[in-house]
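Colleague:
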Amino acid sequence: MDANAQQNLQPTPPFDEKNTQTPKIGGGLPVIKYWAEHTLSPEGPKLWKTLLHKSACLSCSWGTGGQKGGFTNEFGEKLQRCMKSVEAISAEIKPAIPANIFEQHNITELQQLTSMECDRLGRLSFPMILREGKSHYERICWEEVYEIAEAAFRKQPERVASYSSGRASNEAAYVLQLMIRALGSNNLADCSDLCHAPSTTGLQQMLGTQTSVVSLESLKKADCVVLTGSNPSYNQPRLMNELIQLREHGGKVIVINPMMEIGLVKFGSPAYPIKSLLPGSDISSLYLQPIPGSDVALFTGIQKSLIEQGLVATEYLQAHTWGWEAVLEHALSTAWETITAICGVSQAEIEAAAKIIGTSKGVVFAWAMGITQHTNSVDNVYAIANTALITGNIGRFGAGVMPVRGHSNVQGFGSMGVTVKLKQEIQRALETLLGRPLSRIQGYHTRDLIEAADAGKVDSLICVGGNLYGANPDSTQAKRALGNIETIIYLATKPNLGHFSGLAKQNTIVIPVLNRFEQPYKITTESGNNFIRLSDEGQTHLKGDLVPEVQFLTELAHRLHGESPVNWRELQNPKYVRQLIAQTIPGFEKMATIDETKEEFTIGGRILTEPHFPTPTGKASMFVTPLPDTTLPDAKDFGVSESTQGVVVALMTGRSYSQHNTVVYKIDDQYRGIPHRNCILMNRADAEGAGLQEHQRVTVQADAGKLENVEVIYGSVRQGAALMFYPEVNAILKARTETRSGTPAYKRVPAFVYLEKTKG
Ligand SMILES: Nc1nc2c(c(=O)[nH]1)N[C@H]1C(S)=C(S)[C@@H](COP(=O)(O)OP(=O)(O)OC[C@H]3O[C@@H](n4cnc5c(=O)[nH]c(N)nc54)[C@H](O)[C@@H]3O)O[C@H]1N2
Ligand SMILES: Nc1nc2c(c(=O)[nH]1)N[C@H]1C(S)=C(S)[C@@H](COP(=O)(O)OP(=O)(O)OC[C@H]3O[C@@H](n4cnc5c(=O)[nH]c(N)nc54)[C@H](O)[C@@H]3O)O[C@H]1N2
Ligand code: SF4
Ligand SMILES: [Mo]
Numbered sequence: 004m005d006a007n008a009q010q011n012l013q014p015t016p017p018f019d020e021k022n023t024q025t026p027k028i029g030g031g032l033p034v035i036k037y038w039a040e041h042t043l044s045p046e047g048p049k050l051w052k053t054l055l056h057k058s059a060c061l062s063c064s065w066g067t068g069g070q071k072g073g074f075t076n077e078f079g080e081k082l083q084r085c086m087k088s089v090e091a092i093s094a095e096i097k098p099a100i101p102a103n104i105f106e107q108h109n110i111t112e113l114q115q116l117t118s119m120e121c122d123r124l125g126r127l128s129f130p131m132i133l134r135e136g137k138s139h140y141e142r143i144c145w146e147e148v149y150e151i152a153e154a155a156f157r158k159q160p161e162r163v164a165s166y167s168s169g170r171a172s173n174e175a176a177y178v179l180q181l182m183i184r185a186l187g188s189n190n191l192a193d194c195s196d197l198c199h200a201p202s203t204t205g206l207q208q209m210l211g212t213q214t215s216v217v218s219l220e221s222l223k224k225a226d227c228v229v230l231t232g233s234n235p236s237y238n239q240p241r242l243m244n245e246l247i248q249l250r251e252h253g254g255k256v257i258v259i260n261p262m263m264e265i266g267l268v269k270f271g272s273p274a275y276p277i278k279s280l281l282p283g284s285d286i287s288s289l290y291l292q293p294i295p296g297s298d299v300a301l302f303t304g305i306q307k308s309l310i311e312q313g314l315v316a317t318e319y320l321q322a323h324t325w326g327w328e329a330v331l332e333h334a335l336s337t338a339w340e341t342i343t344a345i346c347g348v349s350q351a352e353i354e355a356a357a358k359i360i361g362t363s364k365g366v367v368f369a370w371a372m373g374i375t376q377h378t379n380s381v382d383n384v385y386a387i388a389n390t391a392l393i394t395g396n397i398g399r400f401g402a403g404v405m406p407v408r409g410h411s412n413v414q415g416f417g418s419m420g421v422t423v424k425l426k427q428e429i430q431r432a433l434e435t436l437l438g439r440p441l442s443r444i445q446g447y448h449t450r451d452l453i454e455a456a457d458a459g460k461v462d463s464l465i466c467v468g469g470n471l472y473g474a475n476p477d478s479t480q481a482k483r484a485l486g487n488i489e490t491i492i493y494l495a496t497k498p499n500l501g502h503f504s505g506l507a508k509q510n511t512i513v514i515p516v517l518n519r520f521e522q523p524y525k526i527t528t529e530s531g532n533n534f535i536r537l538s539d540e541g542q543t544h545l546k547g548d549l550v551p552e553v554q555f556l557t558e559l560a561h562r563l564h565g566e567s568p569v570n571w572r573e574l575q576n577p578k579y580v581r582q583l584i585a586q587t588i589p590g591f592e593k594m595a596t597i598d599e600t601k602e603e604f605t606i607g608g609r610i611l612t613e614p615h616f617p618t619p620t621g622k623a624s625m626f627v628t629p630l631p632d633t634t635l636p637d638a639k640d641f642g643v644s645e646s647t648q649g650v651v652v653a654l655m656t657g658r659s660y661s662q663h664n665t666v667v668y669k670i671d672d673q674y675r676g677i678p679h680r681n682c683i684l685m686n687r688a689d690a691e692g693a694g695l696q697e698h699q700r701v702t703v704q705a706d707a708g709k710l711e712n713v714e715v716i717y718g719s720v721r722q723g724a725a726l727m728f729y730p731e732v733n734a735i736l737k738a739r740t741e742t743r744s745g746t747p748a749y750k751r752v753p754a755f756v757y758l759e760k761t762k763g
């Protein structure tokens with residue numbers, strides 16, 4: 004057994020033993036404390052009103068709420084609303100930002116604000132503009148907004164673009180893409196390019212579908228879940244309820260994650276106040292801690308062991324798949340020493356995982372950013388889906404592949420055609436609607452958009468939500484690239500780093516929009532489980548000058564396109580957009596009548612309960628996955644003097660407990676024992692091996708720069724790996740992008756952690 008594998012024996016303590024400060028279970032009492040603090044505070048009544056409003060939860064893609072009521076899931080189960088949902092609502096019901104803030108503070112001052120300070124300014128409530136050469140954002144009237152926007156989007160089609168983030172509705176997404184495509188542009192960058200694009204790409208090639216093939220109902224029938232590179236105890240807390248129930252019914256949960264997340268070991272769920280909340284429920288049956296970026300090797304090992312243990316579903320492979328022989332051959336011919344050396348997990352542990360997978364009745368393979376944010380992320384997806392197919396686990400009720408999506412409506416944006424890889428059937432339907440062919444020029448995904456802007460090839464950009472500046476790697480490049488664009492229009496509910504640092508060359512306009520529960524019309528969203536929710540009309544507490552996204556987009560489209568090919572102004576009522584969606588997007592036929600029936604539904608054709616795949620041959624394709632190289636550069640490659648005391652690590656960048664993507668709600672991360680944002684979570688042995696100590700201040704150097712005065716915190720991350728938080732860390736890492744999906748490798752950033760020599 005190699006050295007990497009040896010230090011990873013089961014059971015590993017779920018926390019640093021010497022650290023007595025951090026909670027010993029995920030969830031638990033702090034969640035109740037948070038609920039109590041917020042729902043009993045002065046904002047309590049407004050919070051409750053929103054929680055009980057019939058609208059889909061704002062926060063994550065697991066999805067809850069809608070017509071069944073705020074606390075009920077699609078299965079009819081109650082108490083299915085988590086604290087993250089309260090966190091998101093609480094941010095949205097804040098008062099408006101006082102108008103004089105922007106008169107009193109110039110842009111240089113606003114650029115000094117942290118993410119949390121930006122968000123805490125309050126809600127945006129009037130349109131404003133920062134003009135070229137001016138130092139302050141100023142209020143602007145709607146007529147001038149539309150004049151500038153119209154002129155900006157009358158440029159050459161290849162030089163205009165949009166970026167979006169999955170919080171807005173399906174209807175806004177549909178109108179956005181129709182407007183941009185009607186201009187002759189395919190530049191529809193989206194946050195999913197930074198997120199699950201590898202899942203979409205990989206699953207399309209293998210299975211002919213792009214999303215989870217598992218419904219909530221189907222998940223409930225599984226007796227094993229393999230959770231790889233996903234931390235639902237932070238990011239989709241309600242998924243934890245499913246894992247708790249599965250364990251109680253005798254099922255198994257295999258967690259694969261370089262970081263031992265306390266909530267994936269034991270989680271106290273408020274949905275089960277007596278049996279779970281205080282004692283915590285067991286989550287992982289087996290916890291494997293691979294080297295970041297090595298999951299292909301680990302899954303190849305699992306496949307090898309399945310073959311060796313005689314647990315391959317050969318008849319299924321023969322009947323329903325292509326390419327299986329080469330995949331099995333690749334696994335068989337790869338030596339165990341190679342596998343364990345690359346992934347740092349022992350053969351015995353891999354064999355234990357294979358045995359559980361191969362002997363379970365129905366396995367659901369779930370994953371998130373730990374799989375998709377790598378230079379070989381599509382291979383990661385292939386490797387997982389190959390393993391699922393080898394064991395006959397796709398195309399059956401109670402089994403399948405389930406990417407755990409991000410934003411609450413990110414999947415809906417893709418379904419509505421906000422993508423640079425438009426499905427052919429949607430393309431044809433849109434061409435019929437527009438009465439002419441769509442442009443055949445390949446559109447910019449998010450990374451291409453930044454590169455194109457950096458090269459001066461973009462004139463105008465509209466951002467429907469999100470924080471393009473903060474979400475991208477290499478903040479210096481992102482700022483420079485956006486600064487080359489003449490006009491940027493941001494549609495947003497709250498100010499963020501991007502509105503102050505992602506400035507256009509001539510005009511930066513910020514449009515205040517209503518959020519999901521404030522819309523004057525009904526709107527729909529799609530969860531990661533392919534469930535369409537209908538949100539009722541609502542009201543805003545704000546007195547200002549806010550617009551629904553659909554209204555702004557249809558008005559702009561009207562000015563650009565007149566009445567062609569549709570009456571855009573009529574579409575201001577999303578009810579009419581739903582007719583177009585039903586007409587042009589396969590699987591969405593029920594949208595045509597949802598206003599009358601109020602029937603929320605699972606999208607047709609998405610859940611695979613038979614091993615018949617939506618591919619031309621009806622079979623799934625399997626692909627051989629090359630093994631990744633997980634060696635790290637030497638200290639000297641970082642351009643630091645050779646005598647410098649330090650250690651090279653594979654830095655994973657991601658979310659703290661209290662943030663939503665680039666928006667930070669609280670500076671600490673209590674479950675990981677991290678007191679503030681400028682910390683690096685390290686393995687004790689790595690730090691001490693390099694002569695460092697906990698709480699010492701170090702410099703972290705990656706390929707785009709360094710962060711100084713970073714506090715070392717010890718935690719249960721495997722040796723050789725470390726963890727830091729985005730968006731701050733994006734200042735120091737460059738875009739190493741996966742070529743097939745365009746997604747940046749945020750989860751394996753080679754970094755040097757060292758003590759800066761004292762000057763003098
Ligand atoms: N509260 C809250 N909810 C959210 C979000 C939020 O910011 N806050 N964001 C939303 C969005 S857009 C998304 S995409 C999701 C993100 O949800 P997640 O994907 O769960 O979030 P991350 O923190 O990016 O990373 C998940 C895990 O990947 C592990 N990991 C890192 N590298 C590797 C690796 O190489 N291999 C393996 N196996 N694991 C690895 C990390 O240790 C971490 O536990 O959550 C959504 N929901
Ligand atoms: N280093 C590193 N970088 C990463 C990641 C990582 O793990 N590590 N993760 C990546 C991932 S998975 C993602 S998805 C991206 C996230 O990238 P984005 O989606 O671009 O960023 P968010 O921070 O989610 O955007 C938050 C902003 O959206 C706006 N907003 C909120 N609600 C609404 C609404 O209803 N309508 C409108 N119009 N605006 C609204 C608010 O202004 C808020 O400030 O970041 C990526 N970047
Ligand atoms: S799990 Fe996600 S969708 Fe469900 S209540 Fe929590 S944040 Fe909302
Ligand atoms: Mo995401």
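Number 714 in my numbering belongs to position 711 of the sequence shown; there are no gaps in the numbering.
The beta carbon of each residue, even a glycine, is placed where N, CA and C say it ideally should be.
#1: Quick check: residue 386 and residue 628, are their CB atoms within less than 8 Å of each other?
#2: Please identify the residue among 525, 603, 737 and 181 whose C-alpha is closest to the C-alpha of residue 654.
#3: I think residue 410 touches residue 64, with their Cβ atoms under 8 Å apart; what is that distance to the nearest whole Å?
#4: Quick one, are the C-beta atoms of residue 652 and residue 725 less than 8 Å apart?
#5: Determine which residues share a DSSP beta bridge with residue 191 and list them.
#6: Rounding to the nearest angstrom, what Cα-Cα distance links residue 684 and residue 650 in this structure?
#7: Please identify the residue among 565, 540, 564 and 615 whose C-alpha is closest to the C-alpha of residue 598.
#8: Look at the alpha carbon of residue 225 and the alpha carbon of residue 216, and state the distance between them as a whole number of angstroms.
#9: Out of curiosity, what's the CA-to-CA distance linking residue 45 and residue 96?
#10: Give the DSSP-derived three-state secondary structure of residue 374 in the structure shown.
#11: Does the beta-carbon of residue 409, which I'm using as the reference point, lie nearer than 7 Å to any heavy atom of ligand 4?
#12: Quick one: what's got a C-beta closer than 8 Å to residue 278's C-beta in the same chain, skipping five residues either side?
#13: So, helix, strand or coil for residue 738, using DSSP?
#14: I'd like the list of long-range same chain contacts for residue 758, defined as Cβ closer than 8 Å, with 5 residues on each side in sequence excluded.
#15: Apart from the five residues on each side of it in sequence, which residues of its chain come closer than 6 Å, Cβ to Cβ, to residue 420?
#16: Where in the stretch 43-96 do unbroken runs of the alpha helix (DSSP H), each at least 4 residues long, occur, reported from the N-terminal end onward?
#17: Give me, in chain order, the residues of the same chain whose beta-carbon lies closer than 7 Å to that of residue 308; leave out the 5 immediate sequence neighbours on both sides.
#18: Taking the C-alpha atoms as reference points, what is the distance between residue 566 and residue 440?
#19: Can at least three beta-carbon pairs, one atom from the stretch 149-159 and one from the stretch 117-131, be found at a separation below 8 Å?
#20: In its own chain, which residues sit with a C-beta less than 6 Å from the C-beta of residue 721, not counting the 5 before and 5 after it?
#21: Using three-state DSSP, classify residue 510 as helix, strand or coil.
#22: Could you say which of 586, 487, 219 and 365 lies nearest to residue 431 if we only look at CA atoms?
#23: Could you compute how far the alpha carbon of residue 276 sits from the alpha carbon of residue 670?
#24: Could you tell me whether the stretch 45-58 touches the stretch 399-407, using the rule of 3 or more Cβ pairs below 8 Å?
#25: Suppose you measure from the CA of residue 359 to the CA of residue 496; what does that come to, to the nearest Å?
#26: Among 259, 232, 239 and 270, which residue has its Cα nearest to the Cα of residue 250?
#27: Going by DSSP, name the residue or residues bridged to residue 528.
#28: Kindly identify the DSSP beta-bridge partner or partners of residue 463.
#29: Suppose only complete runs of 4+ residues qualify. What are the alpha helix (DSSP H) ranges in the stretch 213-261, listed by chain order?
#30: Under DSSP, the beta strand (DSSP E) around residue 759 begins and ends at which residues?
#31: Examine ligand 1 and report whether any of its heavy atoms sits within less than 7 Å of the Cβ of residue 260.
#32: Closest by CA to residue 168, which one among 186, 182 and 193?
#33: So, residue 312 versus residue 334, is the Cβ gap smaller than 8 Å?
#34: Please report the residue range of the alpha helix (DSSP H) in which residue 205 lies.
#35: Given a cut-off of 8 Å on the beta-carbon distance, is the pair residue 259 and residue 301 in contact?
#36: Would you say the beta carbon of residue 198 comes nearer than 7 Å to a heavy atom of ligand 4?
Modeller: The structure says:
#1: If you number the sequence shown from 1, residue 386 lands on position 383. If you number the sequence shown from 1, residue 628 lands on position 625. Closer than 8 Å, so yes.
#2: By 1-based counting over the sequence shown, the position of residue 654 is 651. Of the listed residues, the one whose Cα sits closest to residue 654 is 737.
#3: Here residue 410 corresponds to residue number 407 of the sequence shown, with the count starting at 1. Here residue 64 corresponds to residue number 61 of the sequence shown, with the count starting at 1. Yes, residue 410 and residue 64 are in contact; Cβ-Cβ is about 6 Å, under 8 Å.
#4: As a working note, residue 652 is residue 649 in the sequence shown. As a working note, residue 725 is residue 722 in the sequence shown. Contact flag set, yes.
#5: Position 188 of the sequence shown holds residue 191. The partner list for residue 191 (beta bridge, DSSP) reads 165.
#6: As a working mapping, residue 684 is identified with position 681 in the sequence shown. As a working mapping, residue 650 is identified with position 647 in the sequence shown. The alpha-carbon atoms of residue 684 and residue 650 are separated by roughly 13 Å.
#7: Position 595 of the sequence shown holds residue 598. The shortest C-alpha separation from residue 598 is found at 540.
#8: The sequence position of residue 225 within the sequence shown is 222, counting from 1. The sequence position of residue 216 within the sequence shown is 213, counting from 1. Their backbone Cα atoms lie some 13 Å apart in a straight line.
#9: Taking the first residue of the sequence shown as 1, we reach residue 45 at position 42. Taking the first residue of the sequence shown as 1, we reach residue 96 at position 93. So the alpha carbons of these two residues sit roughly 11 Å apart.
#10: Counting from 1 along the sequence shown, the entry for residue 374 is found at position 371. If DSSP states are grouped into helix, strand and coil, residue 374 belongs with the helices.
#11: Along the sequence shown, read from residue 1 onward, the residue named residue 409 stands at position 406. At least one heavy atom of ligand 4 is nearer than 7 Å to the Cβ of residue 409, so yes.
#12: The sequence position of residue 278 within the sequence shown is 275, counting from 1. Here the set comprises 284.
#13: If you number the sequence shown from 1, residue 738 lands on position 735. Correct three-state label for residue 738: coil.
#14: What you label residue 758 is simply residue 755 of the sequence shown in a count that begins at 1. Closer than 8 Å at the Cβ level, and outside the excluded window around residue 758, lie 647, 648, 649, 694, 695, 699, 701 and 702.
#15: If you number the sequence shown from 1, residue 420 lands on position 417. Same-chain partners within the cutoff: 180 and 429.
#16: 47-55 and 86-95
#17: Here residue 308 refers to the residue found at position 305 of the sequence shown. Here the set comprises 353, 354 and 357.
#18: Indexing the sequence shown from 1 puts residue 566 at position 563. Indexing the sequence shown from 1 puts residue 440 at position 437. Their Cα atoms are separated by approximately 18 Å.
#19: no
#20: Here residue 721 refers to the residue found at position 718 when the sequence shown is read from its first residue. Excluding residues within five positions, the ones whose Cβ falls inside 6 Å are 261 and 292.
#21: Within the sequence shown, numbered from 1, the residue matching residue 510 stands at position 507. In this structure, residue 510 counts as strand in the three-state DSSP scheme.
#22: In the sequence shown, residue 431 corresponds to position 428, counting from 1. Out of 586, 487, 219 and 365, 586 has the C-alpha closest to the C-alpha of residue 431.
#23: For the purposes of this step, residue 276 is identified with residue 273 of the sequence shown, where counting begins at 1. For the purposes of this step, residue 670 is identified with residue 667 of the sequence shown, where counting begins at 1. In a straight line, the C-alpha of residue 276 is about 28 Å away from that of residue 670.
#24: no
#25: For this step, residue 359 is matched to residue 356 along the sequence shown. For this step, residue 496 is matched to residue 493 along the sequence shown. Answer to the nearest angstrom: the Cα atoms are 46 Å apart.
#26: For the purposes of this step, residue 250 is taken as the residue at position 247 of the sequence shown. That would be 270, whose Cα lies nearest to the Cα of residue 250.
#27: Start at 1 with the first residue of the sequence shown, and residue 528 comes out as number 525. DSSP output for residue 528 lists 536 as bridge partner(s).
#28: For this step, residue 463 is matched to residue 460 along the sequence shown. DSSP lists 163 and 490 as partners of residue 463.
#29: 219-222, 235-238 and 240-251
#30: In the sequence shown, residue 759 corresponds to position 756, counting from 1. Element bounds for residue 759: n/a, residue is neither H nor E.
#31: For the purposes of this step, residue 260 is taken as residue 257 along the sequence shown, with counting starting at 1. Residue 260: yes, Cβ under 7 Å from ligand 1.
#32: Reading the sequence shown from its first residue, position 165 is the one you call residue 168. For residue 168, the nearest C-alpha among the options comes from 193.
#33: Taking the sequence shown and counting its residues from 1, one reaches residue 312 at position 309. Taking the sequence shown and counting its residues from 1, one reaches residue 334 at position 331. No, the pair does not count as a contact, with Cβ atoms beyond the cut-off.
#34: As a first step, residue 205 must be located in the sequence shown, where it is residue number 202. Residues 200-210.
#35: What you label residue 259 is simply residue 256 of the sequence shown in a count that begins at 1. What you label residue 301 is simply residue 298 of the sequence shown in a count that begins at 1. Yes; because the gap between Cβ atoms is below 8 Å, this pair is in contact.
#36: One-based indexing of the sequence shown puts residue 198 at position 195. Residue 198 Cβ: within cutoff of ligand 4.
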